[in-house]
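Please read the structure below before turning to the comments.
Protein chains in written order, with the numbering used here: chain A, 1 to 525; chain B, 1001 to 1313; chain C, 2001 to 2293.
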């Protein structure tokens, strides 16, 4: 007998009510956690906010996902193959995949989801540009046809961040890519409890009883997503201090992140375990290439000569166990790690900087540093940069603004008088850096590019070569060339990578170390 | 009496119109782009333009203003840009914690500050008087968030007497609710107590030095009776006035207190909405707070008539 | 001994004592305030040129001989930050208080004197008072961006109605006095009457009100800092020093306590000075205060 959609909805609603009755609630295992940000937008394609992405990983499933070493592994896909001409990819879905509304996941759903994603994601856009067609072979098999080889196909389908490829029902995925989705129907291990969603305050998930996990153990975002709790409740704390206190007193079970300084508040608490988060952050200095004085490579090199990762990390993090000096533009501890071209000796070279400024003909014009006033990870950066600039004779003014105003202004290539800027900082999750095509720091298309407006056709050509290359060794060689060039031309200055910490009550077990926080695998006594 | 009430309500309409105009101009004349928040940092200009058109942000300012006025006149506050939830239901959803917090702070204040101020005036220059003066000066001088953090450090983290944060509804669990409420309402009440005890003291002092009190004393009335029977009713008008004006102080305090203690009330909603540039929510909340202020003061105007029958408008 | 005597003798003595005491507290507050102002003005001379030096390897040092108030999360000397922060905070307080007093007085004089203007201006003032001041300030500073201009403007805005109402009430009571009537009768232009005959009556209560606004404005700046919309980090004020300390408060409480103490003592001194002034200028003021309520 076929169950139609309305019956399935009625069934699930009934189950929900039964589950929410007080008698049953006693027996329920509920995980309470404090996230890194407040959830407001539910659509993971329309925004690249990390919190929306984390939410999406709970309720949606992905075709592939990266493991703890950032290697793509199959997730919804059972098997796949690449034709001998390297122009035709075939994917077959696993058995038993179903959306929360009861409908099975089909090849058509996947094709519609890929199409929607490929309108927004940087890697997806490149894929769309070389795709000639996608078609369903049968209910669980689909094929992607290309006009030229696309090396990072699996890397793209396994995108862990920015905009990952989440699979949605075709009826939802067919909506325009700019329309904000309001309905949350995924096929992931948790279902979203829409009635408990209080935007910016709290939200909740219940276990998807019908989810069929893979058999492998969980590893990063890959492996079997086995859910062991009945419910996950997420509460946003505007003050990290308050969240830490709540964990210390057992009011919550898990704290997604805190910085190295805040860790000391929980050390010595026997009921709390503290663990370094697997995905570090990377802070950077970005120059406005479109405006003097930083349109001149020598002025950028002058700043590069005095900005040492050691100073930035000591000033902003302090604890040497919580940061690392990292030369690799695509992340340390990732498949594409390399130290090629790294100029940072650990000692500021003021004489060299001054000589470079003189060669550049810099006349002492005042520059403007813009910074967001309400984001903790940015707080130490602007003052230290200002101090270094002062030491080499570049006067500067810090202008603070609210986060969205900062983003809007940082995206403008115009002069300061036209509402632009000269120098700004950016902080990345390493997960956003691992893909040479997806790494925004290598967007070198000039004024239309990512903030900083790096203009270097040679880099864009290298990215094209990387995209067509399917051999890992040759891919790596291209990446080394890209990194060397980016250091020489000072695309940006990496200021070191540092770790946040996660903390949880000792009653929690099986919390998977993953750069994107996941709660499958977690059990609670 | 009915005429008086109708007149006062009619006077509130232009006030709300002024509020609406200020709020609208404040939000629309400032730089910043809510479309960018929705779209994310990497969105193209076409996507931004489309989202702006969806939200009506591309229309001329005056058209937006009139359309908006028309909407709020009919009680429509619009929907949140970010969460797509109607502003009114967002507000009502967050109202309970704020009301509970504010009412308990007012209760503490009236129960503690008015008697304290009265005793201070009555026993002028006694230790109670000094204590009230010190309290009022401290309450006015130390920012609420410093008080909040010190209270958390002392009573929650060190002494472990109260929960650090959070809100429990009194309708669900009265005992837990009370425990969660102690520190936040103290934090909020302190500045209010400073204000009220001070006003009570000074208005009583003034009245105690007036002729009719001297007359009452001269007639042989004992001090306590003079205080409560003759002086208090006359001091009530300035005290109630200040409680009304103090609603503004209370609202500011609510914003800070809710941030420190992580209470999901309307104060935090306002700050979040401002920082996220969620225009309809900010506008709705500012109007809402203004309405509360105007409403409370309207009630107080009417209360004068009861407390002091000589007052007529 | 009659009841009258019993009540009056101590009360006379008390009033004398009170005047002495209040003056002594006011005097002390004045001296304290002077010290704080001087320390702010001479901040650079006291703490040296490298007051804001970031010392990457000396962050979060507790108070001691080298750093009297310890160091903050960037290794900056909290003592130097607090002294320099006083400059900005006191400046903000002063500018906001004076601006609110000036604008409010002008509006109060005009509305009190020109009857047709009165209902319009008073409704606008009612409207401003109905908007919670701190929310308006947060919104304005957050939307326009923090600078001395915007922060002072944001704080000033909410204070204007109070001054307007105060001045208007005095004008309303004074304009019926015989000497004002006489001046009008002599055909002296209204402007001149306002400035020459009515303004002087407002001065005493205005001075007191401005003192209180000064204290309130300093606090408002700190709250703006706390809520994350204060000055940029290269302009230390008590507000943003407090805000930066907030993140490390439980580990390094001096980062909150030192600026918090300076802030509280300053505001307290200003308030007590205001009380002293008020008591000194009492007879006229208490009448004015009553009218304004």
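Glycine included, each C-beta is placed from N, C-alpha and C at the ideal position.
Note that the structure is a prediction, hence the values are computed from the model and not measured.
Among all the DSSP beta bridges, which residues are the ones paired with residue i?
i: residue 316 (chain A); result: Paired residues: none, contrary to the question.
i: residue 582 (chain A); result: Residue 582 (chain A) lies beyond the residue range present for chain A, which begins at 1 and ends at 525; the question has no answer from this structure.
i: residue 1270 (chain B); result: According to DSSP, residue 1270 (chain B) bridges with nothing at all.
i: residue 1228 (chain B); result: Answer by DSSP bridge pairing: none, since residue 1228 (chain B) is not bridged.
i: residue 254 (chain A); result: A:33 and A:504
i: residue 396 (chain A); result: A:367
i: residue 176 (chain A); result: Its beta-bridge partners do not exist; DSSP assigns none.
i: residue 342 (chain A); result: None; residue 342 (chain A) has no bridge partner.
i: residue 2156 (chain C); result: Note: residue 2156 (chain C) sits in no beta bridge, so no partner.
i: residue 285 (chain A); result: A:425 and A:493
i: residue 274 (chain A); result: A:503
i: residue 206 (chain A); result: A:191 and A:231
Nearest by alpha-carbon distance to residue i: which of the options is it?
i: residue 448 (chain A); options: A:458, A:353, A:289 and A:192; result: A:289
i: residue 415 (chain A); options: A:434, A:231, A:453 and A:401; result: A:453
i: residue 1025 (chain B); options: B:1010, B:1060 and B:1179; result: B:1060
i: residue 232 (chain A); options: A:208, A:419 and A:358; result: A:208
i: residue 1169 (chain B); options: B:1151, B:1081, B:1095 and B:1023; result: B:1095
i: residue 283 (chain A); options: A:243, A:123 and A:384; result: A:384
i: residue 190 (chain A); options: A:82, A:377, A:31 and A:79; result: A:31
i: residue 140 (chain A); options: A:97, A:392, A:411 and A:321; result: A:97
I'd like to know whether the C-beta of residue i is nearer than 7 Å to at least one C-beta of chain A.
i: residue 2234 (chain C); result: yes
i: residue 2146 (chain C); result: yes
i: residue 2250 (chain C); result: yes
i: residue 2200 (chain C); result: no
i: residue 2225 (chain C); result: no
i: residue 1262 (chain B); result: yes
i: residue 1277 (chain B); result: yes
i: residue 2091 (chain C); result: no
i: residue 2056 (chain C); result: yes
When the cut-off is 7 Å and only beta carbons count, does residue i lie next to chain C?
i: residue 1207 (chain B); result: no
i: residue 1192 (chain B); result: no
i: residue 1090 (chain B); result: no
i: residue 62 (chain A); result: no
i: residue 1290 (chain B); result: yes
i: residue 1231 (chain B); result: no
i: residue 21 (chain A); result: Only weak support is given to the placement of residue 21 (chain A): the predicted model assigns it a pLDDT of 42, under 50, and the value that follows is read from those uncertain coordinates. Chain C, which has no Cβ nearer than 7 Å to the Cβ of residue 21 (chain A), makes this no.
Please confirm whether residue i has its beta-carbon closer than 7 Å to some beta-carbon of chain B.
i: residue 2273 (chain C); result: no
i: residue 2037 (chain C); result: no
i: residue 404 (chain A); result: yes
i: residue 2219 (chain C); result: yes
i: residue 2267 (chain C); result: yes
Below 8 Å, can you find three or more Cβ-Cβ pairs linking the stretch 2093-2109 of chain C to the stretch 2044-2055 of chain C?
These segments do not touch.
Are the stretch 2076-2094 of chain C and the stretch 2235-2247 of chain C touching by the rule of at least three beta carbon pairs closer than 8 Å?
Yes, they touch.
Three or more beta-carbon pairs under 8 Å between the stretch 217-224 of chain A and the stretch 57-73 of chain A, yes or no?
The stretch 217-224 of chain A is in contact with the stretch 57-73 of chain A.
Can we say the stretch 2117-2129 of chain C touches the stretch 2190-2202 of chain C, given the rule of at least three CB pairs closer than 8 Å?
Touching, no, given that fewer than three Cβ pairs across the two stretches are closer than 8 Å.
Interface positions of the stretch 1141-1163 of chain B facing chain A (Cβ-Cβ less than 9 Å), listed along the chain
Against chain A - using a Cβ distance shorter than 9 Å - the residues of the stretch 1141-1163 of chain B are 1149, 1152, 1156, 1157, 1160 and 1163.
Output needed in chain order: residues of the stretch 2123-2148 of chain C with a Cβ under 8 Å from some Cβ in chain D.
Within the model displayed, chain D is absent; protein chains A, B and C are what it includes.
Decide yes or no for the touch test of the stretch 1136-1150 of chain B against the stretch 2212-2225 of chain C: beta carbon pairs closer than 8 Å, at least 3 of them.
Flag = yes, the stretch 1136-1150 of chain B and the stretch 2212-2225 of chain C touch.
Count the CB pairs spanning the stretch 388-408 of chain A and the stretch 432-442 of chain A that are closer than 8 Å, and state whether there are at least three.
In short, these stretches do not touch, since the Cβ pair count stays below three.
Are the stretch 186-193 of chain A and the stretch 42-61 of chain A touching, with three or more C-beta to C-beta distances below 8 Å?
Taking one beta carbon from each stretch, the stretch 186-193 of chain A and the stretch 42-61 of chain A have 3 or more pairs nearer than 8 Å; the two touch.
Can you pull out the residues from the stretch 187-212 of chain A whose beta carbon lies closer than 9 Å to at least one beta carbon of chain B?
Shown in chain order are the members of the stretch 187-212 of chain A whose Cβ falls below 9 Å from a Cβ of chain B: 197, 198, 199, 200, 201 and 202.
Flag this pair as touching only if the stretch 1230-1246 of chain B and the stretch 1185-1201 of chain B have three or more C-beta atom pairs under 8 Å; answer yes or no.
Enough Cβ pairs lie closer than 8 Å, so yes.
Contact residues within the stretch 491-525 of chain A, judged by C-beta distance below 9 Å to chain B:
For chain B, none of the residues of the stretch 491-525 of chain A brings a beta carbon within less than 9 Å of one of its beta carbons.
For the stretch 461-495 of chain A, which residues have a CB atom closer than 9 Å to at least one CB atom of chain B, in sequence order?
If the cut-off is 9 Å between Cβ atoms, the stretch 461-495 of chain A has nothing near chain B.
Pairs of beta-carbons, one from the stretch 2059-2073 of chain C and one from the stretch 2104-2114 of chain C, closer than 8 Å: are there three or more?
No: fewer than three Cβ pairs fall under 8 Å.
Between the stretch 2134-2142 of chain C and the stretch 2225-2232 of chain C, do three or more beta carbon pairs fall short of 8 Å?
Enough Cβ pairs lie closer than 8 Å, so yes.
Between the stretch 309-340 of chain A and chain C, which residues of the former have CB atoms less than 7 Å from a CB of the latter, in chain order?
Taking 7 Å as the Cβ-Cβ cut-off against chain C, the residues of the stretch 309-340 of chain A that qualify are 311, 314, 315 and 318.
Which residues, in order along the stretch 2060-2078 of chain C, keep a beta-carbon less than 9 Å from a beta-carbon of chain A?
Taking 9 Å as the Cβ-Cβ cut-off against chain A, the residues of the stretch 2060-2078 of chain C that qualify are 2060, 2073, 2074, 2075 and 2076.
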